[in-house]
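Chains as they are written, first to last, in the numbering used here: chain G, 41 to 162; chain Y, 3 to 706.
Cβ coordinates follow ideal geometry from the N, Cα and C atoms, glycine included.
A quick write-up on the structure given underneath.
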Amino acid sequence: MSANILTVDDSASLRMTTRLALSGAGYAVTEAVDGLDGLEKAKTRRFDAILTDINMPRMDGLRMIEELRRLPNQLGVPIVFLTTESDPEMKARAKAAGATAWLTKPFDAAQLLKVMSKVLTK
Amino acid sequence: MDPMETIRQTFFQECEEQLNETETGLLALEIGEADSETVNAVFRAVHSIKGGAGAFKYERLVRFAHVFETALDGLRNGALEASPAVMKTMLRSADLLADLVREARGDATVEDERLETLRGALAGLAEAPSEPATQEADAFAFQPLTLCLDDLGPPAPGWRIFFRPTADLYRRGNEPARILRELAELGDLDVACDASALPLLDAFDPGGAYLAWTIDLTTSAPRERVEEAFDFVVDDCDLRIAPLAAAPESETPESETPEAETQNADPFAFTPLSIDLPAIDAPPAPEASARAPARKPEISRTEAPVSQTIRVDLERVDRLANLVGELVINQAMLSQSIVEAGLPRASKAFDDLSALEQLTREIQDGIMAIRAQPVKPLFQRMTRIVREVADATGKMVRLKTEGEATEVDRTVFEKLADPLTHLVRNAVDHGLETPGDRAAAGKPEHGEVRLSAAHRSGRIVIDVSDDGKGIDRARVKAKAIEQDLIAPDAQLSNAEIDNLLFLPGFSTAAAVSDISGRGVGMDVVKSSIQSLGGRISVSSRPGLGATFSLSLPLTLAVLDGMVVKVADQTLVTPLTTIVETLRPKAKDVHRLGVDQRVLADRGAFVPLIDIGREMGFRFTPADPQSGVVIIVEGDGGARCALMVDSILDQRQVVIKSLETNYQQVQGVAAATILGDGRVALILDVDRFVAGAAACSQPPLAAVS
Chain G
41 MSANILTVDD SASLRMTTRL ALSGAGYAVT EAVDGLDGLE KAKTRRFDAI LTDINMPRMD
101 GLRMIEELRR LPNQLGVPIV FLTTESDPEM KARAKAAGAT AWLTKPFDAA QLLKVMSKVL
161 TK
Chain Y
3 MDPMETIRQT FFQECEEQLN ETETGLLALE IGEADSETVN AVFRAVHSIK GGAGAFKYER
63 LVRFAHVFET ALDGLRNGAL EASPAVMKTM LRSADLLADL VREARGDATV EDERLETLRG
123 ALAGLAEAPS EPATQEADAF AFQPLTLCLD DLGPPAPGWR IFFRPTADLY RRGNEPARIL
183 RELAELGDLD VACDASALPL LDAFDPGGAY LAWTIDLTTS APRERVEEAF DFVVDDCDLR
243 IAPLAAAPES ETPESETPEA ETQNADPFAF TPLSIDLPAI DAPPAPEASA RAPARKPEIS
303 RTEAPVSQTI RVDLERVDRL ANLVGELVIN QAMLSQSIVE AGLPRASKAF DDLSALEQLT
363 REIQDGIMAI RAQPVKPLFQ RMTRIVREVA DATGKMVRLK TEGEATEVDR TVFEKLADPL
423 THLVRNAVDH GLETPGDRAA AGKPEHGEVR LSAAHRSGRI VIDVSDDGKG IDRARVKAKA
483 IEQDLIAPDA QLSNAEIDNL LFLPGFSTAA AVSDISGRGV GMDVVKSSIQ SLGGRISVSS
543 RPGLGATFSL SLPLTLAVLD GMVVKVADQT LVTPLTTIVE TLRPKAKDVH RLGVDQRVLA
603 DRGAFVPLID IGREMGFRFT PADPQSGVVI IVEGDGGARC ALMVDSILDQ RQVVIKSLET
663 NYQQVQGVAA ATILGDGRVA LILDVDRFVA GAAACSQPPL AAVS
């Protein structure tokens, strides 16, 4: 069974882009439109990895990562966050929240797949 | 369609939403009606555009969005104050951002100079509060791609890596096994696991980190490749990488200390635990909640109300609207059949029919509501037009909007943008005076342009007004004479002079300015409004300003009409145009000239029009007393009386374009299908009103 990745982004075009790249590489993709939606979806099942934006309405990525790490069923699930802020502060904050890895925007499919293959166990 | 193209289009759709969000937010900030969430929302919107643009490699857009975002961040964290000057730059930047989006879409080009000027201005804003912001901006401007081709690693057989994760590494979902797997791709691994720190079971913390690895990697890969495997964990582990012992001399002095340590670290000081790679298992991930600081869940706080929307292909809505149109026709046919079947009025069939009618109407309203859009985005676009024209003409302008929530049909909405833009441009360019002139006239320096929308008796009324100098009637008249549009000795009322503006080819601008004079005159505005079934009128008060009023139908799909009979033909008169119906008395009908007749109605004379003759249904003039007269009102309030034989019914009809199905016919606005399946023509009331005015007032023949 292919790995199922949850992508969390408020931009539909970004979600479409990542879906295209990920499903092209054989991953199954589940989408969430913001942190709150992502959290709700993660509560119901365990994903093999989660890819999330930081800046989102309702609940941002940092909060979602923090909340996710408190869910027993999400322990150890790799969480990759997207960042355009090249400042180390955001990385530090996301890591402090419990993020596993990051991907700097803009990214292309190859960069995305590389990061995913790094964090995925399957 | 190519999936990337679909995504691209979605991206541009999102951009429109984000741009609106940006502008609304900035405008709220400008007038001090913003809360902290406003600036966050603006920041997020610009950030989103940047992110998406990056994915499509719209470099110019990305670069500008980045500088913009940096400046907005200053607003967000309070380093920058929302002063009028700052907000002006921000608003201009929002405009430029919108243009760059258009450029990316291929619809426009943005001059480098404008881009650089604003980039500079924004960078200046960002620079003032904090240095790093600018540095970041610069760092982003050119992304150096460092390729250290000459540093391909030592002539060593590989690397010795010492790796001891901290508990945080596990907590964040990283796993040594995955890192080892990645290293294995670089070459052969010889892994020794140090489990000496493992406590006895009773002291074992599942969230603890007890293992360390020493990895000998035989590879020709450079150090960077090895470090790459540890990209995400460098801060969460003790990591030392040194060349494998074979090449001890190749190291630089400053890195000697850690390496020496590694090399001195006797691999046999602990009991080596060699394991096959797949068997390496990270300790179970820790119970995160145990170590996370106790915090109250605050999810509900951030749960802002989000309106639930779906995107639907317009074509589907149109198809549905069409089907509902057919439903209306079918229902009319059904009711006709029931009537013809001679069923008693009190029968169940009639009850059911009226229930069906009610339902049909509700479905129709529902469809109209789906197609309806608030005029707000349209009005928002005008704020920008006002800014641009004000900047270009050196005028000071405030735009006030009213009734932004008023909804119009989507088709109307789309076709309204150009005429409205034109009117707003005109209001600023021609209507308003310069600050100096205004001061001299005792007016406030800031001119005001007011945009308002409202529903009024089944129509949408949109007013564009300014508090400028009003229409210069002497000049308008002189111009019209000069351009041979009216006779030099024509006697015109003020309203008639104002209406000269709508004549084809009329332009008062002495020199064609690059703002309003784009070869598109008010006549084009008028005809595009008319093509929507709308009317435009103007009123002006010298020294106080002018108002252009647009009146538009709520929908282009159906209309409430009065079904009338003329010379055995069935016609429909739009209900909204009807003022009253009456049976004229002989004494109220007066002859005027050879075959003109007027009707005295409530103290005024209105032209009496014989529809049967005008439409060519018959050649003998009808006797006004044998039929019914419908008083209708057209553009700008002029009236005329239409003579018909009888009134049959009042009902909702589905508009079928005559032009697309047949051709344009004078005096006919459209056609419809009646309950008995026959086609009926819908009268173009404006045409009759205008025609009547033309006959009685020759100089204005061309006006309407």
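Starting from the beta carbon of residue i, find every residue of chain G whose beta carbon is closer than 8 Å, and list them in chain order.
{"i": "Val64 of chain Y", "result": "Pro146"}
{"i": "Asn79 of chain Y", "result": "The premise fails here: Asn79 of chain Y is roughly 12 Å from chain G at the closest Cβ pair, so nothing lies under 8 Å."}
{"i": "Ser553 of chain Y", "result": "Ordered by position in chain G, no residue passes the 8 Å Cβ test against Ser553 of chain Y, which lies about 38 Å from the chain."}
{"i": "Glu16 of chain Y", "result": "Ser51, Ala52 and Ser53"}
Quick one: what's got a C-beta closer than 6 Å to residue i's C-beta in the same chain, skipping five residues either side?
{"i": "Lys479 of chain Y", "result": "Ile499"}
{"i": "Leu464 of chain Y", "result": "Here the sequence assigns Ile to residue 464 of chain Y, which means Leu is not the residue at that position. Same-chain partners within the cutoff: Ala455 and Leu552."}
{"i": "Pro421 of chain Y", "result": "Val527, Ser530 and Ile531"}
{"i": "Thr91 of chain Y", "result": "Ala123"}
Less than 8 Å between the C-beta atoms of residue i and residue j, yes or no?
{"i": "Leu115 of chain G", "j": "Lys83 of chain G", "result": "no"}
{"i": "Val527 of chain Y", "j": "Leu644 of chain Y", "result": "no"}
{"i": "Ala640 of chain Y", "j": "Lys658 of chain Y", "result": "no"}
{"i": "Val430 of chain Y", "j": "Val388 of chain Y", "result": "yes"}
{"i": "Val581 of chain Y", "j": "Glu635 of chain Y", "result": "yes"}
{"i": "Lys145 of chain G", "j": "Thr161 of chain G", "result": "no"}
{"i": "Tyr212 of chain Y", "j": "Ala199 of chain Y", "result": "yes"}
{"i": "Val391 of chain Y", "j": "Arg427 of chain Y", "result": "yes"}
{"i": "Lys471 of chain Y", "j": "Gly545 of chain Y", "result": "yes"}
{"i": "Gly2 of chain Y", "j": "Val560 of chain Y", "result": "Here chain Y has residues from 3 to 706 only, and residue 2 of chain Y is not among them."}
{"i": "Ile94 of chain G", "j": "Met56 of chain G", "result": "no"}
Could you check where the beta strand (DSSP E) with residue i kicks off and where it finishes?
{"i": "Asn428 of chain Y", "result": "No beta strand (DSSP E) holds Asn428 of chain Y; the alpha helix (DSSP H) holding it covers Arg412 to Asn428."}
{"i": "His49 of chain Y", "result": "No beta strand (DSSP E) contains His49 of chain Y, which is instead part of the alpha helix (DSSP H) from Ser38 to Ala57."}
{"i": "Asn44 of chain G", "result": "Asn44 to Val48"}
{"i": "Leu453 of chain Y", "result": "Gly449 to Arg458"}
{"i": "Thr436 of chain Y", "result": "From DSSP, Thr436 of chain Y is part of no beta strand (DSSP E); its letter is neither H nor E."}
In chain Y, what lies closer than 8 Å to residue i by C-beta?
{"i": "Met56 of chain G", "result": "Pro5, Thr8, Ile9 and Thr12"}
{"i": "Ala68 of chain G", "result": "Those do not exist, as Ala68 of chain G stays about 17 Å from chain Y at its closest Cβ, beyond 8 Å."}
What are the boundary residues of the alpha helix (DSSP H) that includes residue i?
{"i": "Met617 of chain Y", "result": "Segment: none, Met617 of chain Y is in no alpha helix (DSSP H) and carries neither H nor E."}
{"i": "Ile387 of chain Y", "result": "Lys378 to Thr395"}
{"i": "Met645 of chain Y", "result": "Unbroken run through Met645 of chain Y is the beta strand (DSSP E), Arg641 to Val646; no alpha helix (DSSP H)."}
{"i": "Glu113 of chain Y", "result": "Element bounds for Glu113 of chain Y: n/a, residue is neither H nor E."}
{"i": "Val707 of chain Y", "result": "This structure gives no information on residue 707 of chain Y, because the portion of chain Y shown stretches from 3 to 706."}
{"i": "Asn22 of chain Y", "result": "Pro5 to Glu32"}
{"i": "Gly368 of chain Y", "result": "Lys350 to Arg373"}
Helix, strand or coil, according to DSSP, for residue i in the structure here?
{"i": "Ile217 of chain Y", "result": "strand"}
{"i": "Arg585 of chain Y", "result": "coil"}
{"i": "Met564 of chain Y", "result": "strand"}
{"i": "Gly693 of chain Y", "result": "helix"}
{"i": "Val667 of chain Y", "result": "coil"}
{"i": "Ile657 of chain Y", "result": "coil"}
{"i": "Arg520 of chain Y", "result": "For Arg520 of chain Y, the pLDDT reaches just 41, beneath the cut-off of 50, and the residue's location in the model is therefore unreliable, although a value from the coordinates is still provided. Three-state result, Arg520 of chain Y: coil."}
{"i": "Gln571 of chain Y", "result": "strand"}
{"i": "Ala708 of chain Y", "result": "Past the boundaries of the shown model lies residue 708 of chain Y; chain Y is included only from 3 to 706, so the question cannot be answered."}
{"i": "Asp74 of chain G", "result": "coil"}
{"i": "Leu554 of chain Y", "result": "strand"}
{"i": "Lys402 of chain Y", "result": "strand"}
{"i": "Glu129 of chain G", "result": "helix"}
{"i": "Ala61 of chain G", "result": "helix"}
So, at 8 Å on beta carbons, what are the nonlocal neighbours of residue i in its own chain, with the 5 sequence-adjacent residues on each side left out?
{"i": "Arg620 of chain Y", "result": "Ala569 and Gly614"}
{"i": "Val120 of chain G", "result": "Ala89, Ile90, Leu91, Thr92, Ala139, Thr140, Ala141, Trp142, Leu143, Val155, Met156 and Val159"}
Under 7 Å between beta-carbons, which chain Y residues line up against residue i? List them in chain order, please.
{"i": "Ile119 of chain G", "result": "Gly175"}
{"i": "Thr92 of chain G", "result": "Result: empty, since nearest Cβ-Cβ is about 12 Å, beyond 7 Å."}
{"i": "Thr140 of chain G", "result": "Arg174, Gly175, Asn176 and Phe234"}
Can you name the residues of chain Y whose CB is closer than 9 Å to the CB of residue i?
{"i": "Val159 of chain G", "result": "Gly175, Asn176, Glu177, Arg180 and Phe234"}
{"i": "Leu60 of chain G", "result": "Pro5, Met6 and Ile9"}
{"i": "Glu81 of chain G", "result": "Reading off the sequence, residue 81 of chain G comes out as Lys, not Glu. Within 9 Å Cβ-Cβ: nothing; Lys81 of chain G doesn't reach chain Y, min ~14 Å."}
For residue i, which residues from the same chain have a beta carbon less than 7 Å from its beta carbon, with the 5 sequence-adjacent residues on both sides left out?
{"i": "Phe66 of chain Y", "result": "Leu98, Leu99, Leu102, Leu117 and Arg121"}
{"i": "Thr674 of chain Y", "result": "Val574, Val655, Val656, Ile657, Lys658, Ala682 and Ile684"}
{"i": "Lys417 of chain Y", "result": "Ser530 and Leu534"}
Name, please, each residue of chain G whose Cβ falls closer than 7 Å to the Cβ of residue i.
{"i": "Gly53 of chain Y", "result": "Ser51, Leu54, Thr124 and Lys145"}
Give me the chain G residues within the contact set of residue i, using Cβ-Cβ distance strictly less than 9 Å, ordered along the chain.
{"i": "Gly56 of chain Y", "result": "Thr124, Lys145, Pro146 and Phe147"}
{"i": "Glu105 of chain Y", "result": "Those do not exist, as Glu105 of chain Y stays about 17 Å from chain G at its closest Cβ, beyond 9 Å."}
{"i": "His448 of chain Y", "result": "Ordered by position in chain G, no residue passes the 9 Å Cβ test against His448 of chain Y, which lies about 35 Å from the chain."}
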